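Novice: Take a look at this one; I'll ask things after.
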Amino acid sequence: MEIYIKASVNTFCDCIRKFGKNGELSVNMSNWIPFMTFDIVGDFCFGKSFGLLEVGVVKPLMGCIERNTYFNGMLLSCPGLLPLLRLSPHHLKKARTQLGEQSVSKVKKRMANQSDRKDFLYYLTDPEKLKRAARGVRDQLYATCAFLIVAGGDTISIVLNGAIYLLATHHDVLEKLHRELIERFPDPKCEIEHHKTVSLTYLNAVIEESMRLYPAGLGPLPRVSSQENVVAGQKIPANCIVSVAPYAISRDTRYFTRPENFIPERWIDPGFERDQTLGKLAFQPFSLGPRGCLGRNMAYMELRLFLAHFVLQFRPELEDPKFCYENRDHWTAFKPPLFVKCHSLKCGSP
């Protein structure tokens, strides 16, 4: 996996340097970061990227995903609308159809390729068995891959967008992170390997804090209680729908010190006693239990490798210093435009 992530990250950095003219022009991170994350997902799922970074243009795929997540968010908020699904506007119906068609097309091409490349489909399928499988089994595979496109591409880009904004507006944090990375990777020609980033405490703290302030999903993920239980003195009956909104709990003063502030130190400094105890229990960006996110390890690898490469190569600056970056809840978070000037760094410069 690492080799595919780094290939897209390096292409991203080259594109930002080229189109941003080394910081003279601003680039919209809300486009470029998803270009990278969806290309990575394409590599993982189908053995070939979507080619978004190559062209640097928003393709219909991203519009389909945006409209689908918006509509899914509406259904989660108002389940009573589900019977009206067949009456939904034409552009939403078309978006659902196009996303499904993209998934089917990519899966069929990958299966026809008969490659030994160890991507997701290599482990999910046996080409010969798939040919003989019932229609329902194939449809399930297509639906799974469509979900992987959204889950693997959209969610990571939300967190990375938030991280870039936070680093661009907190120069002290940016410099501290840059120093840690320079100490670990002093030679600019040295390849950044993921296993060397895992133990970087401040990098990991920046990632956790970025996910806390800019979670991929702002609203709750519903769960059904399998049996009667008591939680924090509250009786929860069996078959009860329960949920917690990540956005709300991450800003609760019962769990976090100055929760509206970007303070990576809260994750590593014992002085933040509340954050180190209750906060770490309350903060579950990948959810818990059998329905927890299966892509957790991949997500951390992508986050670490991207931020390590980006911070060592660029100093981000907002085009508008007064701009306040806020996501909207569309099932996953909807990213507003984020225009950033990425000034190229000389080797080792802060």
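19 is the number of the first residue of the sequence shown in my numbering; add one for each residue after it.
Note that beta-carbon positions come from the ideal geometry of N, C-alpha and C, so glycine has one too.
Please read these numbers as outputs of a predicted model, since none were measured by experiment.
1. Could you give the distance in angstroms between the alpha-carbon of A256 and the alpha-carbon of K66?
2. State the Cα-Cα distance for the pair F341 and Y22, rounded to the nearest angstrom.
3. So, at 7 Å on beta carbons, what are the nonlocal neighbours of G60 in its own chain, with the 5 sequence-adjacent residues on each side left out?
4. Based on Cα-Cα distance, which residue from P303, Y160, L306 lies nearest to E119?
5. Smallest Cα separation from N28: which of A326, I267, K214, V358?
6. Whose C-alpha, out of E344, K253, F332, is nearest the C-alpha of D32?
7. Going by CA-CA distance only, name the one from I267, F280, A186 that's closest to E227.
8. Is there contact here, the stretch 230 to 248 with the stretch 260 to 279, by at least three beta-carbon pairs under 8 Å?
9. Extract the residue ranges of the alpha helix (DSSP H) inside the stretch 175 to 250, only unbroken runs of 4 or more that lie entirely within it.
10. Pick out the complete alpha helix (DSSP H) segments inside the stretch 26 to 68, 4 residues or longer, and give them in chain order.
11. How would you label A250, buried or exposed, when you count the other beta carbons within 10 angstroms and need 16 or more for buried?
12. Is I254 helix, strand or coil by DSSP?
13. Would you mind reading off the limits of the alpha helix (DSSP H) that contains V73?
14. Keeping to the same chain, check which residues put their C-beta closer than 8 Å to that of R202; ignore five residues upstream and five downstream.
15. What number of angstroms, rounded off, separates the C-alpha of R346 from the C-alpha of M319?
16. Taking the alpha-carbon of L166 as reference, which of F37, H189, F138 has the nearest alpha-carbon?
17. Does the beta-carbon of L306 have 16 or more other beta-carbons within 10 angstroms, so that it is buried, or is it exposed?
18. In whole angstroms, what is the alpha-carbon distance linking E344 and T55?
19. Can you list, in chain order, the residues of its chain with a C-beta nearer than 6 Å to that of L330? Leave out the 5 residues immediately preceding and following it.
20. What residue does the alpha helix (DSSP H) around E335 start on, and which one ends it?
21. Suppose the cutoff is 8 Å on Cβ atoms and the five residues either side in sequence are ignored; what does the same chain contact list for L323 look like?
22. Starting from C360, follow the beta strand (DSSP E) in both directions and report where the run begins and ends.
23. Tell me the rounded alpha-carbon separation between G98 and C311.
24. Spatial neighbours of S362 within its chain, please: C-beta separation below 7 Å, excluding the five flanking residues on both sides.
25. If I measure Cβ to Cβ from M48 and keep anything under 7 Å in the same chain, skipping five residues before and after, which residues do I get?
26. Assuming contact is defined by CB atoms lying nearer than 8 Å, are I286 and A223 in contact in what I supplied?
27. Write down the C-beta distance between P288 and P264 rounded to the nearest angstrom, noting that I regard them as a contact closer than 8 Å.
28. Under 8 Å, do F64 and R128 count as touching if we go by C-beta distance?
29. Roughly how many angstroms lie between the CA atoms of K126 and C163, to the nearest whole one?
Specialist: So, to answer that:
1. When rounded, the distance between both Cα atoms is 45 Å.
2. A direct Cα-Cα distance of roughly 33 Å separates F341 from Y22.
3. Same-chain partners within the cutoff: K66, S67, F68.
4. The shortest C-alpha separation from E119 is found at Y160.
5. Minimum Cα distance to N28 is reached at A326.
6. Ranking the options by Cα distance to D32, first place goes to F332.
7. With distances taken between Cα atoms, E227 lies closest to F280.
8. When Cβ pairs closer than 8 Å are counted between the two stretches, the stretch 230 to 248 is seen to touch the stretch 260 to 279, the count reaching three or more.
9. Runs of the alpha helix (DSSP H) inside the stretch 175 to 250: 189 to 202, 212 to 215, 219 to 231.
10. For the stretch 26 to 68, whole alpha helix (DSSP H) runs of length 4 or above, ordered along the chain, are 47 to 64.
11. Counting Cβ neighbours within 10 Å, A250 comes out exposed, since fewer than 16 surround it.
12. In the structure shown, I254 sits in a strand (DSSP, three-state: E or B).
13. Looking at the DSSP string, the run of the alpha helix (DSSP H) that includes V73 is 70 to 73.
14. Contacts found: K214, T215, L218.
15. Distance between R346 and M319, taken at the CA atoms: about 26 Å.
16. Selected option, being the one with the closest Cα: F138.
17. So L306 ends up on the exposed side.
18. Looking at the two C-alpha atoms, the distance is approximately 20 Å.
19. Residues L199 of the same chain have their beta carbon placed closer than 6 Å to that of L330, with the five preceding and five following residues left out of the count.
20. Careful: E335 lies outside any alpha helix (DSSP H), inside the beta strand (DSSP E) at 332 to 336.
21. E20, I23, K24, V27, I210, H212, T215, listed in sequence order.
22. Here the beta strand (DSSP E) through C360 covers 357 to 362.
23. The alpha-carbon of G98 is positioned some 27 Å away from that of C311.
24. Counting only Cβ-Cβ distances below 7 Å, and skipping sequence neighbours, we find R35, N40, G41, Q331, F332.
25. The residue asked about is misnamed: residue 48 is Ser in this sequence, not Met. Result list for S48: N179, K353, P354, P355, L356, in chain order.
26. Taking a C-beta distance under 8 Å as the contact criterion, I286 and A223 qualify as a contact pair.
27. By a beta-carbon distance limit of 8 Å, P288 does not contact P264. Their separation comes to about 25 Å.
28. Yes, these two residues count as a Cβ contact at 8 Å.
29. Taking the CA atoms as reference points, K126 sits about 11 Å from C163.
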